[in-house]
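K.L.:
Encoded as structure tokens, here's the structure I'll be asking about.
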Amino acid sequence: MVRCIWEKINILKNNAARKKVLKFSLVIMLCGKATEIQIS
102 MVRCIWEKIN ILKNNAARKK VLKFSLVIML CGKATEIQIS
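For the sequence shown, the residue numbers in this note's numbering are 102 to 141.
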């Protein structure tokens, strides 16, 4: 039972980390697009 809960917590943590990475890469992409537009 406890192990099951721990596995769920770990899955949630992994999902949160993945979402942070996705958000971060999206921000980088948007910043890159913005600088491209400014340069051109």
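In this text, a Cβ means the ideal position worked out from N, Cα and C, and glycines have one as well.
Once the 5 residues before and after Ile106 are set aside, which same chain residues still bring their CB inside 6 Å of it?
P.N.:
Within the sequence shown, numbered from 1, the residue matching residue 106 stands at position 5. Result list for Ile106: empty, nothing under 6 Å.
K.L.:
Could you give the distance in angstroms between the alpha-carbon of Lys109 and the alpha-carbon of Gln139?
P.N.:
In the sequence shown, counting from the first residue as 1, residue 109 sits at position 8. In the sequence shown, counting from the first residue as 1, residue 139 sits at position 38. Between Lys109 and Gln139, the C-alpha separation is close to 45 Å.
K.L.:
Do you know offhand how far Cys132's Cα is from Asn111's?
P.N.:
If you number the sequence shown from 1, residue 132 lands on position 31. If you number the sequence shown from 1, residue 111 lands on position 10. Cα-Cα distance, rounded: 31 Å.
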